[in-house]
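Q: Just passing along the structure, written as structure tokens.
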Amino acid sequence: MKNFNSLGFTLVMATASVMSSLSYAGAEDDPLLSYVAIDQLEKGLESDDPISFSFQAWVGYDMDKIWLKTSGEYQNSDDQDLEVQALYSHAVAPYWDMQMGVRRDIKPSPSRDWLVLGFQGLAPYFFDIDGAFFVGEKGQTSIRLSIEQEWLITQKLILTPEFEMNAYGKSDDELSMGAGLSDINAGLRLKYEITRKFAPYIGIDWSKKLGATADLARDNGDSISNSQFVIGVTAWF
Amino acid sequence: MTVFKPSHEEQNKSSSGTVLSRRQFVFGASAMLALTTIPFSKNALASAIGQSLTQLSGKVFDLSIDYKTVNFTGTPARATVINQLFPGPLLRWKEGETVTLRVKNNLDHDSSLHWHGMILPTEMDGVPGLSFAGIKPGETFEYKFPVKQSGTYWYHSHSGFQEQTGVYGAIVIDPKEADPVVFDREHVIMLSDWSDEAPETIYANLKKQSDYYNYSERTMSDLFSDIKKQGLVNTWRARSMWNQERMSDRDISDVTGATYTYLMNGNPPAQPWQALFKQGEKVRLRFINSSAMTIFDVRIPGLKMTVVASDGQNVQPVTIDEFRIGVAETYDVIVEPKMEDAYCIFVQSIDRSGYTVGNFTSDEMFTAKIPDMDPMPILGHGDMGMNMEGMDHSKMAMGSDSMSGMEGMDHSKMAMGSDSMSGMEGMDHSKMAMGSGSMAGMEGMDHSKMAMGSGSMTGMEGMDLSQPSMVMPTLGLAGYGSDNEIKHLDSENGPQVDMQSGMPQSGLNDPGIGLRDHQANYNRKVLTYADLKGLHPTHDKRQPTREIQLHLTGNMNRYMWSINGINFADSAPLELAYNERVRITLVNDTMMIHPMHLHGVWSELETGDPDYIPRKHTVMVQPGSKISYLVTADALGQWAYHCHLLYHMPGMFRKVVIK
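First to last, the sequence lines map onto chains A and B.
For the first sequence, position 200 (counting from the first letter as 1) is numbered 200 according to my numbering, and the numbering increases by one without interruption.
For the second sequence, position 598 (counting from the first letter as 1) is numbered 598 according to my numbering, and the numbering increases by one without interruption.
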């Protein structure tokens, strides 16, 4: 009986809640919104530097979103990177979203598929953080962490230091990937917001392969570190 | 529209001495005009272009809501207007009469008109979903109700974001008996904010980037100048709390002059509205803030203002130099210019991102100098609900990130006061909660237990959370506000709430951010709510029988707004018993001012004198502060209760049922 009552109460309250959300006393509180961001779209200043990009997009509500992330690099048809993530994102704390879904590394070949469990949000001291744990085929595992901050020189001129690292649970010989911390990347970009939604930038970008991955690169005669001046745009809508 | 209402005694006194000099000036000026021609006349013309409000008076009004192209910024944009006027017509009613308003909706969307601050039957209140179904496109709705009050009010759409795009107008109700306020002339001054952007775009921008319109954020050069002034260590200390909590001390207004043009009676500052007076007259200025999002600070350099009414209700006169007007509030002031001169009615937005002006002059040829804006306010610890200097920040109640488990440095969830201040045992929330539960008996405690049971993980789900905490044991006396402990509900924990005020102070005596130093720095007396005392004795002298504590909550970063952590869509109605006398204590768990508007009944602000409690319809709750008012629930029906900042309103909203 007691259970029945509480069930009845819940039903009544749930109905009341649906009713109250129907009452249209003003604008919609939590409309379906969509967001597309070109976080980076840039080219190195040297003619043989690659074009690289990082986009994300979401559609959803305050608490729940479908989130797409893609990034890649194009040097030439033989040397390119492309990965795509499709995630369900749920707000779990005031500044944090938990994200889970799938990732496919389309390039380089052979492609790799992963399950993703990540978190994205704003840490104390205004660090924008995107971190994820990946579980791939054949028990491969990987961790990625990117950290970014914005330093306002003026209200529109903004310096953005960023840092990213990747690590792998075991080596993947086909992709010349060694176990352990594989690479780090650091960038410093200076953008000018012509509007809030559009800003060209210049920057420097530096990356370095580490540990076993660096050894494999050396064995293949590839360079283990790379730095370049870049020019690009960032935009969202 | 200038309404000239001579009080003969005053009129005769002033005219004999002044008319001559004015004529002399006009003669001189026109002679000069003839000589200097174009540039001067253009200049004079510019200030005369400002349009005044169009007045409609009587008992029956035909109003239509239409689209209209306007141009306030140099770019044409589409507004929604009443009777093709921006703002809508000034409606002049007479207390004691019954008014009929036939409102035709010519928009493509539902519309409505709400008569803000009017005491009327619930079905005439104009809130779609609560009072009626709204006015469908092409349809006409007839409002009809007796006018039981007098003073300065306004009306606006309660549908969508139509308030932002121009569906608003002023109401002035002449009293049945002799007006206790003596004046020779009056002007209605309707303040508002206009954006060429669609309001839906503004809202979406805020959801995607909450500081989208804030171009006053702290920069590196501020940091260097702080380090230079205060040294590295002190700067680090001062900054670290804000940085740890991911909050900006420059976060004053969500929507700013970056997109807004501020209007006075529909005139941008580039083309100021002009109001005339004659030397020696007592002029009543009826200020109405019909903005969507902008809180304004008002002053008239060179003139003292005597506040005689707030939210349409007469108050004991108090003479000031400056006042803050929250969205939807109204203030009537009397000014008495002693000289032939032009004065600037200077109205700056609270974040100083813009202003609007009026030229208040004895002669159309005079143009007052526009003063500089005051410095932008910067938030302090008190605005985050903290009272202590040098306290241990690590014990503050900020957010509830510990749920995420992702951050090593998360120190939150503990209400400030439980550990950090050993001398304050009384503030231990957990102890107090138990204490009051066992004393107060079953009802209140059951609810809070339920809240804890279902709310702790899901955050948004448990509907039962919306029961406000009923605080029983110690009710302060009517007129003096609340003595009760501040009790945060479990429903405040979750992604939708980023802050809880640990020790909110009363906002009563506080002039508010950006105004606190004006007395000391500029010798300007700033109005506070504590200055407001009713002109007439308190109508209902009963003591409150209970107190409802409501927490105004939100997450600025996600741009989500709620009450007690629960948004309107998920909330149960707040129920009041017919005719009960109840105290509502609002606790602001955010860093922004929320002007809270309760429909249908008066909000009787407890300003310290039980015999002369002022009646308001909209009450600003200062950041991190609390404030209390009494309500006599003498109006049956369903009423809206919400923050009047337009983009907070969809979430920070409750249905109030009086039965």
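Don't be surprised by glycine CBs; every beta carbon is placed ideally from N, CA and C.
Quick one: Cα of B:E217 to Cα of B:N243, how far?
A: 13 angstroms
Q: Where does B:N493 sit, in a helix, a strand or coil, going by DSSP?
A: coil
Q: So that I know if they touch, is there some Cβ in chain B lying closer than 8 angstroms to that of A:L33?
A: yes
Q: Do the stretch 545-552 of chain B and the stretch 573-582 of chain B touch if we need at least three Cβ pairs shorter than 8 angstroms?
A: yes
Q: I need the DSSP call for B:L107, collapsed to helix, strand or coil.
A: coil
Q: Is there a Cβ of chain A sitting closer than 8 angstroms to that of B:A204, yes or no?
A: yes
Q: For B:V233, does the three-state DSSP call read helix, strand or coil?
A: DSSP, read as helix, strand or coil, puts B:V233 in helix.
Q: Please name the residue in B:L379, B:F132, B:L646, B:D540 whose C-alpha comes closest to that of B:Q622.
A: B:L379
Q: Would you say B:A569 lies against chain A (beta-carbon separation less than 8 angstroms)?
A: yes
Q: Pick out whichever of A:L87, A:K208, A:Y125, A:M177 has its Cα sitting closest to the Cα of A:E164.
A: Nearest of A:L87, A:K208, A:Y125, A:M177 to A:E164, Cα basis: A:K208.
Q: Run through chain B and tell me which residues come within less than 8 angstroms of A:Y201, C-beta to C-beta.
A: Result: empty, since nearest Cβ-Cβ is about 17 angstroms, beyond 8 angstroms.
Q: Where does A:Q155 land, buried or exposed, given buried means 16+ other C-beta within 10 angstroms?
A: With fewer than 16 Cβ atoms within 10 Å of its Cβ, A:Q155 is classed as exposed.
Q: Hey, would you say B:T538 sits closer than 8 angstroms to B:Y641, going by beta carbons?
A: no
Q: Do you know how far the Cα of B:N564 is from the Cα of B:K449?
A: Residue placement at B:K449 cannot be trusted, given a pLDDT of 32 that sits under 50; the coordinates are not used to answer.
Q: Let me confirm a value: B:Q274 is counted as buried when at least 16 other C-beta atoms fall within 10 Å, else exposed. Which label applies?
A: The residue in question, B:Q274, is buried, as its Cβ has 16 or more Cβ neighbours within 10 Å.
Q: Are three or more beta carbon pairs between the stretch 555-573 of chain B and the stretch 76-92 of chain B nearer than 8 angstroms?
A: no
Q: Where does A:T213 sit, in a helix, a strand or coil, going by DSSP?
A: helix
Q: When we look at the beta-carbon of A:K191 and count the other beta-carbons within 10 Å, is it buried (16 or more) or exposed?
A: buried
Q: If A:A91 and B:R558 are in contact, beta carbons under 8 angstroms, what's the gap, nearest whole angstrom?
A: 7 angstroms
Q: Excluding the five sequence neighbours on either side, which residues of its own chain have a C-beta within less than 7 angstroms of the C-beta of A:S325, listed in chain order?
A: Given a span of 1 to 237 for chain A in the structure shown, any question on residue 325 of chain A remains unanswerable.
Q: As an exercise, report each continuous beta strand (DSSP E) stretch of at least 3 residues that is fully enclosed by the stretch 268-334 of chain B, in chain order.
A: For the stretch 268-334 of chain B, the continuous beta strand (DSSP E) assignments of 3+ residues that do not extend past its boundaries occur at 273-276, 283-289, 296-299, 305-310, 313-320, 322-325, in sequence order.
Q: Below 8 angstroms on the Cβ atoms is my contact criterion, and I expect B:R92 with B:Q149 to pass it. Report the Cβ-Cβ distance as a whole number of Å.
A: That belief does not hold up - the Cβ atoms of B:R92 and B:Q149 are roughly 14 angstroms apart, past 8 angstroms.
Q: Taking CB distances under 8 angstroms as the criterion, tell me whether A:T155 reaches chain B.
A: A quick correction: the sequence has Gln, not Thr, at residue 155 of chain A. By this cut-off, A:Q155 is an interface position.
Q: Taking C-alpha atoms, which residue in B:D254, B:F61, B:H114 lies nearest to B:V99?
A: When each option's Cα is compared against that of B:V99, the closest is B:F61.
Q: Go through its chain and collect everything with a Cβ distance to B:F649's Cβ below 6 angstroms, but skip five positions before and after it.
A: Looking at the sequence itself, residue 649 of chain B is Met, so the reference to Phe does not match. The answer, listed in chain order, is H642, C643.
Q: In whole angstroms, give me the CA-to-CA distance for B:W194 and B:G354.
A: Each residue's alpha carbon lies about 12 angstroms from the other.
Q: How many Å lie between B:E259 and B:G160 at the Cα?
A: At residue 259 of chain B the sequence reads Thr, which differs from the Glu that was named. Roughly 19 angstroms separates the two Cα atoms.
Q: Excluding the 5 residues flanking A:S34 on each side, which residues of the same chain have their C-beta closer than 6 angstroms to its C-beta?
A: V59
Q: Ends of the alpha helix (DSSP H) at B:N205?
A: 199-208
Q: Quick check on DSSP: helix, strand or coil for B:E575?
A: strand
Q: Given 8 angstroms as the limit, is there contact between the stretch 315-328 of chain B and the stretch 199-213 of chain B, that is, 3 or more CB pairs closer than that?
A: no
Q: CB-CB under 8 angstroms to B:Y480, same chain, minus the five flanking residues each way: which ones, in chain order?
A: E606, G608, P610
Q: Pull up the distance between the alpha-carbon of B:V587 and that of A:D97, whole angstroms please.
A: 28 angstroms
Q: Counting only beta-carbon atoms, is A:G26 nearer than 8 angstroms to chain B?
A: Residue-level contact by beta carbon holds for A:G26 and chain B, with a gap shorter than 8 angstroms.
Q: Output the distance between the C-alpha atoms of B:R615 and B:T553, rounded to the nearest integer angstrom.
A: 25 angstroms
Q: Which residues, in order along the stretch 114-129 of chain A, keep a beta-carbon less than 7 angstroms from a beta-carbon of chain B?
A: F119, L122, A123, P124, Y125, F126
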